[in-house]
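Participant: What follows is a single structure, and I will ask about it in a moment.
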Amino acid sequence: GDSVTQMEGPVTLSEEAFLTINCTYTATGYPSLFWYVQYPGEGLQLLLKATKADDKGSNKGFEATYRKETTSFHLEKGSVQVSDSAVYFCALVLNSGNTPLVFGKGTRLSVIA
Amino acid sequence: EAGVVQSPRYKIIEKKQPVAFWCNPISGHNTLYWYLQNLGQGPELLIRYENEEAVDDSQLPKDRFSAERLKGVDSTLKIQPAELGDSAVYLCASSLGPSNEQFFGPGTRLTVL
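Pasting the structure below:
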């Protein structure tokens, strides 16, 4: 079946550090890929997405590139802020039809000043 | 514009008691989703509605869970009777259509004692 694997957390970084959260996927078809973020006490929010190979999604300084050859969609940010502290979820949905979002387990990021 | 509204935000009940969660989607969104999020896991789809029709309920444990979306707007998810293992966060999401971005509510955190 379809699945998403992301690096275990928690991840603790100092402000202005470089962030990478790894995400790899297995899909029976051709997926679109997403990163969602969940701030404390809030619902999941779409952070960025990519719908085909080599696409780069970006938002709020975060980036992720759809790598079909390595089935990966790693999230990166050059300089994290305390306000980036949240749980990040990688997800996929098949482009072939009405299939559900499949989420990874989430990675908790804590940024300290 | 208001986002997806869920209530209650928190609920504590004893096992074998019934419980219900309510969701009001974003106005104009025809597709509504209920997800289950266990601690340390990503959300998993329970049921998806297109207007008032449940089009994907394959992951809904129908012996104790039920859902409805009368008039194709608000939705209610019910558990009767609740078990200890039902303790989790129940998320509601909505989208214009099944292929559009999903917007999530803040969730209802259920604790079964």
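One line per chain: the protein sequences are A and B, in this order. Residues in the first sequence are numbered from 1 upward in steps of one, following my numbering. Residues in the second sequence are numbered from 114 upward in steps of one, following my numbering. Heads up, the beta-carbon is just placed ideally off N, CA and C, and yes, glycines get one too.
Between the region 154-176 of chain B and chain A, which residues of the former have a C-beta closer than 9 Å to a C-beta of the latter?
Facilitator: Within the region 154-176 of chain B, the qualifying residues are GLN154, GLY155, PRO156, GLU157, LEU158, ARG161, GLU163, VAL168, ASP169 and GLN172.
Participant: Checking the sheet assignment: what are the DSSP bridge partners for PRO10(A)?
Facilitator: In the first sequence, the residue the question calls residue 10(A) occupies position 10. The partner list for PRO10(A) (beta bridge, DSSP) is empty, contrary to what the question assumes.
Participant: Could you tell me the boundaries of the beta strand (DSSP E) in which LEU57(A) lies?
Facilitator: Taking the first residue of the first sequence as position 1, residue 57(A) is located at position 57. For clarity, residue 57(A) is Gly in the given sequence; the question names Leu instead. GLY57(A) -> beta strand (DSSP E) spans 56-59.
Participant: Return the Cβ separation of LEU159(B) and LEU173(B) in integer angstroms, given the expectation that the two are a contact with Cβ distance under 8 Å.
Facilitator: Residue numbering aside, residue 159(B) sits at position 46 when the second sequence is read from its first letter. Residue numbering aside, residue 173(B) sits at position 60 when the second sequence is read from its first letter. Yes, they are in contact, since the Cβ atoms of LEU159(B) and LEU173(B) sit about 5 Å apart, within 8 Å.
Participant: Could one say the Cβ of GLY185(B) lies closer than 9 Å to chain A's Cβ atoms, at least one of them?
Facilitator: Counting from one through the second sequence, the residue named residue 185(B) turns up at place 72. Taking Cβ atoms only, chain A never reaches closer than 9 Å to GLY185(B), which makes this a no.
Participant: Roughly how many angstroms separate the alpha carbons of GLN130(B) and ILE192(B), rounded to a whole number?
Facilitator: What you label residue 130(B) is simply residue 17 of the second sequence in a count that begins at 1. What you label residue 192(B) is simply residue 79 of the second sequence in a count that begins at 1. Looking at the two C-alpha atoms, the distance is approximately 8 Å.
Participant: Specify whether the region 58-72 of chain A and the region 141-155 of chain B touch according to this definition: at least 3 beta carbon pairs, one from each stretch, less than 8 Å apart.
Facilitator: These segments do not touch.
Participant: So the beta strand (DSSP E) VAL37(A) belongs to, where does it begin and stop?
Facilitator: Residue numbering aside, residue 37(A) sits at position 37 when the first sequence is read from its first letter. 31-38 is the extent of the beta strand (DSSP E) around VAL37(A).
Participant: Kindly list, in the order they appear in chain A, the residues whose Cβ is closer than 8 Å to that of PHE178(B).
Facilitator: Translated into the one-based positions of the second sequence, residue 178(B) becomes position 65. What PHE178(B) touches in chain A: nothing, since even the nearest Cβ is about 16 Å away.
Participant: Give me the Cβ distance between LEU94(A) and ALA53(A), rounded to the nearest whole Å; I'm assuming they're in contact under 8 Å.
Facilitator: Mapped onto the first sequence, residue 94(A) falls at position 94. Mapped onto the first sequence, residue 53(A) falls at position 53. Contact doesn't hold; Cβ gap of about 15 Å is too wide.
Participant: Please confirm if PRO100(A) has its CB atom under 9 Å from at least one CB of chain B.
Facilitator: Taking the first sequence and counting its residues from 1, one reaches residue 100(A) at position 100. Yes, because at least one Cβ of chain B sits closer than 9 Å to the Cβ of PRO100(A).
Participant: Using three-state DSSP, classify SER208(B) as helix, strand or coil.
Facilitator: Translated into the one-based positions of the second sequence, residue 208(B) becomes position 95. Strand.
Participant: 9 Å is my cut-off, CB to CB: does PHE217(B) come that close to chain A?
Facilitator: Here residue 217(B) refers to the residue found at position 104 when the second sequence is read from its first residue. So yes, PHE217(B) belongs to the interface.
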